[in-house]
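Below you'll find the structure, written out as structure tokens, and then a few comments.
Protein chains: 2
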Amino acid sequence: MSASFAFRLLATDAGGRLGEIATPHGVIRTPAFMPVGTAATVKAVYPDQLAAAGADVILANTYHLMLRPGAERIARLGGLHRFMRWTRPILTDSGGFQVMSLAKLRKITDGGVSFQSHLDGASYELTPERAVEIQCLLGADILMQLDECVALPAARAEVERAVVRSLAWAERSQSAFARNLDLGLARPGQALFGIVQGGIDGELRRRSADALVAMEFPGYAIGGLAVGESPEAMLDTLALAAERLPVDRPRYLMGVGTPVDLIEAVARGADMFDCVLPTRSGRHGQAFTWSGKVNLRNARHADDPAPLDPASSCPAARDYSRAYLHHLIKSEEYLGAMLLSWANTAFYQQLMAAMRAAIAEDRFAAWASETKTRLDARSR
Amino acid sequence: MSASFAFRLLATDAGGRLGEIATPHGVIRTPAFMPVGTAATVKAVYPDQLAAAGADVILANTYHLMLRPGAERIARLGGLHRFMRWTRPILTDSGGFQVMSLAKLRKITDGGVSFQSHLDGASYELTPERAVEIQCLLGADILMQLDECVALPAARAEVERAVVRSLAWAERSQSAFARNLDLGLARPGQALFGIVQGGIDGELRRRSADALVAMEFPGYAIGGLAVGESPEAMLDTLALAAERLPVDRPRYLMGVGTPVDLIEAVARGADMFDCVLPTRSGRHGQAFTWSGKVNLRNARHADDPAPLDPASSCPAARDYSRAYLHHLIKSEEYLGAMLLSWANTAFYQQLMAAMRAAIAEDRFAAWASETKTRLDARSR
Chain A
418 MSASFAFRLL
428 ATDAGGRLGE
438 IATPHGVIRT
448 PAFMPVGTAA
458 TVKAVYPDQL
468 AAAGADVILA
478 NTYHLMLRPG
488 AERIARLGGL
498 HRFMRWTRPI
508 LTDSGGFQVM
518 SLAKLRKITD
528 GGVSFQSHLD
538 GASYELTPER
548 AVEIQCLLGA
558 DILMQLDECV
568 ALPAARAEVE
578 RAVVRSLAWA
588 ERSQSAFARN
598 LDLGLARPGQ
608 ALFGIVQGGI
618 DGELRRRSAD
628 ALVAMEFPGY
638 AIGGLAVGES
648 PEAMLDTLAL
658 AAERLPVDRP
668 RYLMGVGTPV
678 DLIEAVARGA
688 DMFDCVLPTR
698 SGRHGQAFTW
708 SGKVNLRNAR
718 HADDPAPLDP
728 ASSCPAARDY
738 SRAYLHHLIK
748 SEEYLGAMLL
758 SWANTAFYQQ
768 LMAAMRAAIA
778 EDRFAAWASE
788 TKTRLDARSR
Chain B
418 MSASFAFRLL
428 ATDAGGRLGE
438 IATPHGVIRT
448 PAFMPVGTAA
458 TVKAVYPDQL
468 AAAGADVILA
478 NTYHLMLRPG
488 AERIARLGGL
498 HRFMRWTRPI
508 LTDSGGFQVM
518 SLAKLRKITD
528 GGVSFQSHLD
538 GASYELTPER
548 AVEIQCLLGA
558 DILMQLDECV
568 ALPAARAEVE
578 RAVVRSLAWA
588 ERSQSAFARN
598 LDLGLARPGQ
608 ALFGIVQGGI
618 DGELRRRSAD
628 ALVAMEFPGY
638 AIGGLAVGES
648 PEAMLDTLAL
658 AAERLPVDRP
668 RYLMGVGTPV
678 DLIEAVARGA
688 DMFDCVLPTR
698 SGRHGQAFTW
708 SGKVNLRNAR
718 HADDPAPLDP
728 ASSCPAARDY
738 SRAYLHHLIK
748 SEEYLGAMLL
758 SWANTAFYQQ
768 LMAAMRAAIA
778 EDRFAAWASE
788 TKTRLDARSR
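As given, the protein sequences belong to chains A and B, one line each in that order. Positions in the first sequence are counted from 1; adding 417 to them yields the numbering used here. Positions in the second sequence are counted from 1; adding 417 to them yields the numbering used here.
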């Protein structure tokens, strides 16, 4: 375990950035896609499959883990890495986004959020300080500040109020993290990211970014996107926010996205991503391939002996016929969800590896244009 | 692919038999436990995990596969082995048992069984000839005759009628299989087993066994047990049937059972077993270990950093804490069902391997007595 957090920008090409983030649990090659391990497991995928697929880092959800099995319990058991048997870096979110989307009777004030668990109705409070404490207890390599994320479209005043509140919470999160470092609850090398908010309002985004940059976070997330706005608005906002962020810090675009979204976002300077799409789609019979999405529920696959991708390094994509995958999905067999979640997770990692190679070799623009065309093939 | 089917009895000890069955897809070491791959997948377990756990053979269900994806389709795709990526032997049942337990509007006559699919209500007929044909299309290494299995308790006349009908079906199955061999639909080395019926009536069991032995099947199943009778009656009936069967043919006790059942049945001369218990229990949070059953739903495991069995060769049993397994099962995560199905499948194979070693070393009686005591520990 190294004790340092550091971002190195290795190359840039056509807006894309090639880099490396050093963390206590190893290096994250960027652009990086983080599979989502909501409840301390990436659904239906074994940890060693994630590692073999090339995932350097996964995301875990503070909201789910604080409710079950509980942050203090995970800390007693040696932290989240040991608990779920994942030896590489983990990024945790702050819990705020999921409180707003999942919890019952939630109430948000300047102090924090109070809510009832969607599992058993028990009451909880999540403050900026508690969100940092939980993530320290989990032992995350990268922690996120508590923020307020507004669903779009929203009135400007509402978005502005969330920006102001999120900035105040950023300061409180930073202070809490520094205290935890002093107390030994946080360890050197762990890093807390600030989150840029502001909806799709350019002025608010700039204000949020500038204020966070002044606080000197080791990395910045761009939150509050992919929450109802158009793809164009999302990308424009990303570009605008990225422009205000220091080039020597990683930028994490939260909750994005489809393969094409990822390419577009990398071209606008984003370095890190997370999304449930590869695993959720896999459970529902949808596969991502270099020729676009494949819906395995479709009867046209029932007699097809071909695999999803004979050239893939992932056994799930390379070795099992579409006919078999179709059968498993139609039969609602565990193995269908397992194989497609694995194949999709691997595809997303292959996509990121291809982007990194293209940036390294100064051919990202051509690669992106060609790949988007291939990926946009109609779902079959 | 060898073209021979052969059983070699290597040693006997305290009623237990150590043997080897040669099949077109390799050798089955007996006593053997066959994981159940109902719909062309052992639920929540990868094929390579089964092989690594030491499973020489799996069972697949004719009833499920004839309905979905269809036997002719699997044949077009190269057979069941290729379809599900399992390179070792496969035994298929005849479909009869599951027609009676799952199908709607089933009607049984001397000709066969007609029924409606539990999936979509479509009408099907299963005759002795069609059951053999389907199993040939699937490419099973070991095929089972269509039989009639009566739920117990039942009137003697009903059991006797089923014995008579099953014997007639045994002859028709054998003739159909011989014709399929001539036609090239069956291949040399595939073997059709007869099934002894007769409830727990000693005279009927003897009559069934003697008639089947006269027909000279390459192996014999003992069916119609574990369907409502007491464990003692099951074991007594097994012993009685096994006594009438030739020592140089394998004996398959269908649908059994718990670890202790398996030990008792091996001591009464049974060589092969199948049961959904390890995988079904796994999906429900129950683990089998050398110290008895462990119910991972129980809150006492929530803080337990110990694995199920630190000495196991199975990663699922050895490397993951009970606390994590408890969390996964409580959270209804795929990985919980995956890990426990894997661990249980591996435990059953370890149990069979231990029995084979004990028989080989002439210490089966002592091993069985000691092991039953350990396994009978209260479920925790």
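Backbone N, C-alpha and C define an ideal beta-carbon position, used for all residues, glycine too. Treat the numbers as computed from the prediction; the structure is a model and nothing was measured.
Under 7 Å by beta carbon: chain B residues contacting residue i
| i | result |
| --- | --- |
| Thr458/A | Leu745, Glu750 and Leu752 |
| Tyr737/A | Arg502 |
| Arg493/A | Asp720 |
Bridge partner(s) assigned by DSSP for residue i
| i | result |
| --- | --- |
| Val677/B | Bridge partners of Val677/B: none, in fact. |
| Gln533/B | Lys521/B and Ser540/B |
| Val711/B | Ala704/B |
| Ser786/B | Ser786/B is not bridged to any residue. |
| Ile507/B | Ile475/B |
| Val693/A | Paired residue(s): none; Val693/A is not in a bridge. |
| Ile617/B | Answer is none; Ile617/B lacks a bridge partner. |
| Gln607/B | Pro605/B |
| Ser738/A | Pro724/A |
| Arg446/A | Glu437/A |
Inter-residue spacing [alpha-carbon to alpha-carbon] between residue i and residue j
| i | j | result |
| --- | --- | --- |
| Leu508/A | Met561/A | 8 Å |
| Asp627/B | Leu662/B | 8 Å |
| Ala587/B | Gly529/B | 12 Å |
| Arg797/B | Arg446/A | With a pLDDT of 47 at Arg797/B, under the threshold of 50, the modelled position of that residue is not reliable, and no figure is offered here. |
| Val377/B | Ser625/B | Since the displayed chain B opens at 418 and closes at 797, residue 377/B lies outside it and no answer follows. |
| Gln767/A | Leu621/A | 35 Å |
| Phe610/A | Leu427/A | 21 Å |
| Leu555/B | Leu554/A | 53 Å |
| Gly636/B | Gln533/B | 31 Å |
| Val630/A | Val664/A | 11 Å |
| Leu482/B | Asp558/B | 16 Å |
| Gln552/B | Leu598/B | 13 Å |
| Glu749/B | Ala775/A | 40 Å |
| Asp793/A | Met689/A | 22 Å |
| Pro648/A | Leu655/A | 11 Å |
| Gly674/A | Phe705/A | 12 Å |
| Arg791/A | Gly641/A | 29 Å |
| Tyr765/A | Glu660/A | 26 Å |
| Ser730/B | Ala650/A | 53 Å |
Beta-carbon neighbours of residue i, restricted to chain A and to distances below 8 Å
| i | result |
| --- | --- |
| Asp688/B | Those within 8 Å of Asp688/B in chain A number zero; the least Cβ separation is about 29 Å. |
| Met755/B | Ala461, Tyr463, Tyr751 and Met755 |
Residue interval of the alpha helix (DSSP H) (run including residue i)
| i | result |
| --- | --- |
| Glu750/A | From DSSP, Glu750/A is part of no alpha helix (DSSP H); its letter is neither H nor E. |
| Ile491/A | Ala488 to Arg493 |
| Asp597/B | Here residue 597/B turns out to be Asn, not Asp, going by the sequence shown. Arg573 to Leu600 is the extent of the alpha helix (DSSP H) around Asn597/B. |
| Pro732/B | Pro732 to Arg735 |
| Phe450/B | It is not in any alpha helix (DSSP H) - Phe450/B instead sits in the beta strand (DSSP E) that spans Ala449 to Pro452. |
| Ala423/A | Unbroken run through Ala423/A is the beta strand (DSSP E), Ala423 to Asp430; no alpha helix (DSSP H). |
| Leu655/B | Pro648 to Arg661 |
| Arg499/A | Leu497 to Met501 |
| Leu670/B | Not the alpha helix (DSSP H): Leu670/B falls in the beta strand (DSSP E), residues Arg668 to Leu670. |
Listed by chain order, chain A residues near residue i by CB distance under 9 Å
| i | result |
| --- | --- |
| Arg661/B | Result: empty, since nearest Cβ-Cβ is about 39 Å, beyond 9 Å. |
Opening and closing residue of the beta strand (DSSP E) in which residue i lies
| i | result |
| --- | --- |
| Ala477/B | Ile475 to Ala477 |
| Met561/B | Ile559 to Met561 |
| Ala704/A | Gln703 to Thr706 |
| Ile551/A | Segment Pro545 to Leu555 is the alpha helix (DSSP H) holding Ile551/A; no beta strand (DSSP E) there. |
| Glu437/A | Gly433 to Thr440 |
| Ala638/A | Tyr637 to Ile639 |
Interface residues of chain B facing residue i [CB-CB closer than 8 Å]
| i | result |
| --- | --- |
| Ala740/A | Pro486, Arg490, Leu494 and Phe500 |
Heavy atom of the ligand SAM within 6 Å of residue i beta-carbon
| i | result |
| --- | --- |
| Asp779/A | The model depicted lacks the ligand SAM and carries no ligand whatsoever. |
- Message: With three or more C-beta pairs closer than 8 Å as the rule, is the segment 605-623 of chain A touching the segment 418-437 of chain A?
- Response: Three or more Cβ pairs closer than 8 Å define a contact, and the segment 418-437 of chain A meets that threshold against the segment 605-623 of chain A.
- Query: Is the segment 724-738 of chain B in contact with the segment 437-455 of chain A, if contact means three or more CB pairs nearer than 8 Å?
  - Reply: Under the Cβ criterion (8 Å, minimum of three pairs), the segment 724-738 of chain B does not count as touching the segment 437-455 of chain A.
- Message: Would you call the segment 717-726 of chain A in contact with the segment 774-785 of chain A, where contact means no fewer than 3 C-beta pairs closer than 8 Å?
- Response: Contact between the segment 717-726 of chain A and the segment 774-785 of chain A is absent, because fewer than three Cβ pairs lie under 8 Å.
- Query: Any contact of the segment 492-503 of chain B with the segment 535-549 of chain B, i.e. 3+ C-beta pairs under 8 Å?
  - Reply: Contact fails: fewer than three Cβ-Cβ distances are below 8 Å.
- Would the segment 672-689 of chain B and the segment 430-439 of chain B be scored as touching if the rule is three or more Cβ pairs under 8 Å? Segments in contact, yes.
- Please determine if the segment 694-709 of chain B and the segment 457-465 of chain B are in contact, where contact requires at least 3 C-beta pairs separated by less than 8 Å. Yes, the segment 694-709 of chain B touches the segment 457-465 of chain B.
- If we count Cβ pairs, one from each stretch, closer than 8 Å, do we get three or more for the segment 504-522 of chain A versus the segment 469-480 of chain A? The segment 504-522 of chain A, when compared against the segment 469-480 of chain A, does touch it at the 8 Å Cβ threshold.
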